[in-house]
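Residue numbers (the numbering used here): 5 to 394.
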């Protein structure tokens with residue numbers, strides 16, 4: 005999910021969306037449906053959502069993006085969509101736009117109940133008029149966090165084609181309150197809407213190499229991710245790579261472009277499937293690692309080795325991260341962000357024809373992210389300061 009917050013409100017600007025040529029690496033292989041004229045409302049088109057927006061524009065959808073800043077609005081308009089500047093807490097604004105859209109995609113945050121309720125209010129308004137809505141909500145795989153805090157590798161793997169496995173997740177788990185509120189609304193709506201919950205892995209996703217191919221229109225294509233870059237900056241500051249506890253837990257991951265294509269695959273499926281299908285099972289995982297999930301110790305090993313080879317730290321061997329230095333990574337969330345087990349299999353997306361095709365996490369870090377980080381200064385680095393979400 006995207007660490008996106010909204011705090012400004014204004015009127016929708018008028019702009020006619022247009023088709024945009026996108027690079028080959030952003031194109032996907034899902035079956036294309038006739039999309040011209042369909043209205044899509046994306047809440048929080050940031051790191052994930054902006055890549056989804058690009059694909060939608062390329063297919064001819066009419067897209068409105070709900071953003072928090074004028075600068076971002078200008079960039080969304082330049083991408084070929086229409087920008088609305090607003091606040092996640094403005095339920096009236098969100099409901100109004102959701103009620104006008106054939107498709108709503110929420111990629112802003114997995115933990116903001118009022119904005120989700122606002123979307124559902126718009127969906128219900130459409131249902132009362134006999135209008136079908138597709139709503140794809142973005143949750144996150146922290147919902148599977150087992151509280152390992154770096155201590156052990158879990159053998160528990162969740163498969164999204166077995167709903168009972170996901171239903172077994174406790175209500176107290178991260179993101180679960182929101183997911184269950186959506187499921188309850190889905191049951192109330194019945195076959196009057198098509199609702200799906202995407203549960204992606206973004207902790208070890210990757211950016212498009214800004215050092216090689218910067219995109220002046222879409223800065224989401226020039227962004228680093230969160231977990232591994234933060235650990236790398238910590239290592240540069242403290243001169244050693246680190247992991248929480250022994251570093252045994254493992255976590256699946258996904259390239260952000262593979263994830264964006266997964267949204268399109270899921271959307272095309274929902275466009276043609278009967279409403280009873282998502283009603284019976286709304287959950288979709290998205291991962292590319294299968295049974296080869298890296299442990300946090302493996303990640304620290306790679307960071308240490310590459311920084312040592314670059315002459316930036318004296319010893320490649322990683323160490324256990326002291327609790328007193330948690331503030332230099334993710335603060336109170338450190339154990340949950342970089343010490344958890346979270347293992348799943350995206351069976352359902354693969355059955356729909358989606359398949360990951362981008363480079364793996366190692367190549368993305370070494371080839372794309374590390375060169376950018378090595379050019380940064382770490383003076384004053386005090387850990388990740390944004391919204392921690394996965």
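Yeah, the Cβ is synthetic: ideal placement off N, Cα and C, and Gly gets one too.
- Counting only residues of its own chain and dropping the five nearest sequence neighbours on each side, residue 266 has a CB closer than 6 Å to the CB of 290, 353 and 358.
- Classified as exposed, residue 132 has fewer than 16 neighbouring CB atoms from the shown chains inside 10 Å of its CB.
- Just so you know, the alpha carbons of residue 103 and residue 159 end up roughly 43 Å apart.
- Taking the Cα positions, residue 272 is about 41 Å away from residue 310.
- For residue 103, there is no enclosing beta strand (DSSP E); the residue is found in the alpha helix (DSSP H) stretching over 95-103.
- A straight line joining the alpha-carbon of residue 330 with that of residue 301 spans about 16 Å.
- Around the beta carbon of residue 321, fewer than 16 other beta carbons lie within 10 angstroms, which makes this residue exposed.
- In the displayed model, residue 111 falls within coil according to three-state DSSP, outside both helix and strand.
- For residue 363, no alpha helix (DSSP H) run applies, since DSSP gives it neither H nor E.
- Nearest to residue 233 by C-alpha distance, out of 101, 189 and 303, is 303.
- The residues 140, 141, 142, 143, 266, 267, 270, 288 and 290, in chain order, have a CB closer than 8 Å to that of residue 202 in the same chain once the five nearest residues on each side in sequence are set aside.
- For a cut-off of 8 Å, the C-beta gap from residue 374 to residue 247 is around 18 Å, too long to register as a contact.
- By the beta-carbon neighbour count (other beta carbons within 10 angstroms, threshold 16), residue 367 is exposed.
- With a 10 Å radius around the Cβ and a threshold of 16 neighbouring Cβ atoms, residue 167 comes out exposed.
- Per the C-alpha coordinates, the member of 67, 70, 63 and 387 positioned closest to residue 230 is 387.
- Around the beta carbon of residue 118, fewer than 16 other beta carbons sit within 10 angstroms, so the residue counts as exposed.
- Across the structure, residue 121 and residue 87 are spaced so that their CA atoms are roughly 21 Å apart.
- Cβ-Cβ distances below 6 Å link residue 93 to 118 in the same chain, with the five nearest sequence neighbours on each side left out; the list follows chain order.
- Judged by DSSP in its simplified three-state form, residue 233 adopts helix.
- Here residue 332 is buried. Its C-beta has 16 or more other C-beta atoms within 10 Å.
- Using a 10 angstroms sphere on the CB of residue 389, the tally of other CB atoms stays under 16, which defines it as exposed.
- Taking the Cα positions, residue 350 is about 14 Å away from residue 285.
- Ranked by Cα distance from residue 338, the first of 82, 238 and 56 is 238.
- For residue 243, no alpha helix (DSSP H) segment is defined, and its DSSP state is neither H nor E.
- Beta-bridge partners assigned by DSSP to residue 197: none are found.
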